[in-house]
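The sequence shown runs 1465 to 1747 under our numbering.
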Amino acid sequence: MPLPSDLARITAHTRLFGVMGDPVTHSLSPLMHNAAFAQMGIDGVYVAFPVTDPADAVAGVRALNISGCSVTIPHKIAVMELLDELEPSARQIGAVNTIVNDNGRLIGFNSDSPGAMAALLEKTPVTGKHAAVIGAGGAARAVAYGIRQHGGRLTIVNRSRDKGRRLADEMGGTFIGPKEFTALGVDILVNTTSVGMTPEADRMPVTGDCLRQGMTVMDIVYNPLETLLLRTAREAGCQVVDGVAMFVHQGAIQFERWTGLRPPVQLMRETVVDALRAASVNQ
1465 MPLPSDLARI TAHTRLFGVM GDPVTHSLSP LMHNAAFAQM GIDGVYVAFP
1515 VTDPADAVAG VRALNISGCS VTIPHKIAVM ELLDELEPSA RQIGAVNTIV
1565 NDNGRLIGFN SDSPGAMAAL LEKTPVTGKH AAVIGAGGAA RAVAYGIRQH
1615 GGRLTIVNRS RDKGRRLADE MGGTFIGPKE FTALGVDILV NTTSVGMTPE
1665 ADRMPVTGDC LRQGMTVMDI VYNPLETLLL RTAREAGCQV VDGVAMFVHQ
1715 GAIQFERWTG LRPPVQLMRE TVVDALRAAS VNQ
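Dropping the structure here:
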């Protein structure tokens, strides 16, 4: 009995890629990367690895000669000390979201920062703009680093004052608590928290009166496709940048580093958007 075509192409020569995290079953990265591999004729397959112990997982990458891995919550910091080399930007950001296996040498870098900036720069310049980043986790670090690298002024908004101040100090920005934040003078607002993510899609990280016409508002949450924050911002006359844009751009950067080829960015976006729309219909 012949194998289905998608299985028949997997052989002993097929390169293995994946995403490690906990939880990770919801990830759309396998769908996005496998669509890109198929489009480009690359003999590779990308799967999701539920990982609770990053040290064992990185040892597995070495032992099984896995070609590359995405790293997601909560392991972006823990994997850093387990790798052979860190690119300078990953060290400065303090988080790794991508591992490249270079002939057995594991190199860590961060595609979240350039991915976020690529998404943001499609809608607005960053140089000389005042950007407020909500959150102080790994994604916030990546976005904050990108904003400073592109010449933007930075404010960190976070519930934990110690964590928020620490990030602001490290990135050369200022800190303010969410209760004091009014967004006065802010040109760009970026939510890097999970507030507004399905299944709690009726929440947003700031009040509606913080959103003013002329601002650019970005939300890294991509499920739902249009969060309450983005919908409210759009209605207030703001430019909006959805989470799919950053997700796809950072994935495209990973793809290029792993394969050396320019990725099919539009196909990757269409694949993710179609999956999100199908999921919303079935809810």
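The C-beta atom is built at its ideal place from N, Cα and C for all residues, glycine as well.
Just so you know, these numbers come straight off a predicted model, no measurement behind them.
With 16 other Cβ atoms within 10 Å as the buried cut-off, status of residue i
i	result
Asn-1529	exposed
Lys-1643	exposed
Leu-1725	exposed
Asp-1517	exposed
Glu-1690	buried
Arg-1605	buried
Inter-residue spacing [alpha-carbon to alpha-carbon] between residue i and residue j
i	j	result
Arg-1612	Ala-1476	45 Å
Val-1488	Ala-1608	25 Å
Ala-1622	Gly-1636	According to the sequence provided, residue 1622 is Asn. The question's Ala does not apply to it. Taking the straight line joining both Cα atoms gives about 16 Å.
Arg-1733	Ala-1700	26 Å
Gly-1579	Ile-1717	7 Å
Ala-1559	Gly-1672	31 Å
Val-1650	Leu-1480	43 Å
Closer than 7 Å: residue i CB and nearest the ligand NAD heavy atom
i	result
Glu-1634	Judged by which ligands are present, the structure shown has none, so any question about the ligand NAD falls away.
Same chain, Cβ closer than 7 Å to residue i, neighbours up to 5 away in sequence not counted
i	result
Ile-1506	Thr-1723
Simplified DSSP state of residue i, which is helix, strand or coil
i	result
Phe-1481	strand
Cys-1463	Here the chain comprises residues numbered 1465 to 1747, so residue 1463 is not present and cannot be evaluated.
Gly-1532	strand
Asn-1498	helix
Arg-1623	coil
Ala-1476	coil
Thr-1657	coil
Phe-1719	helix
Glu-1664	coil
Residues near residue i in its chain [Cβ-Cβ closer than 6 Å; skip 5 each side]
i	result
Ala-1521	Met-1484 and Val-1515
Ile-1652	Lys-1593, Ala-1595 and Thr-1680
Ala-1697	Leu-1675, Val-1681 and Val-1704
Paired residues, beta bridge with residue i - DSSP
i	result
Tyr-1510	Phe-1481
Asn-1565	Leu-1570
Thr-1680	Ile-1652 and Gln-1703
Arg-1617	His-1594
Same chain, Cβ closer than 8 Å to residue i, neighbours up to 5 away in sequence not counted
i	result
Asp-1616	Residue identity differs from the one stated: residue 1616 is Gly in this sequence, not Asp. Excluding positions up to five away in sequence, the list reads Val-1590, Thr-1591, Gly-1592, Lys-1593, His-1594, Ala-1595 and Ile-1652.
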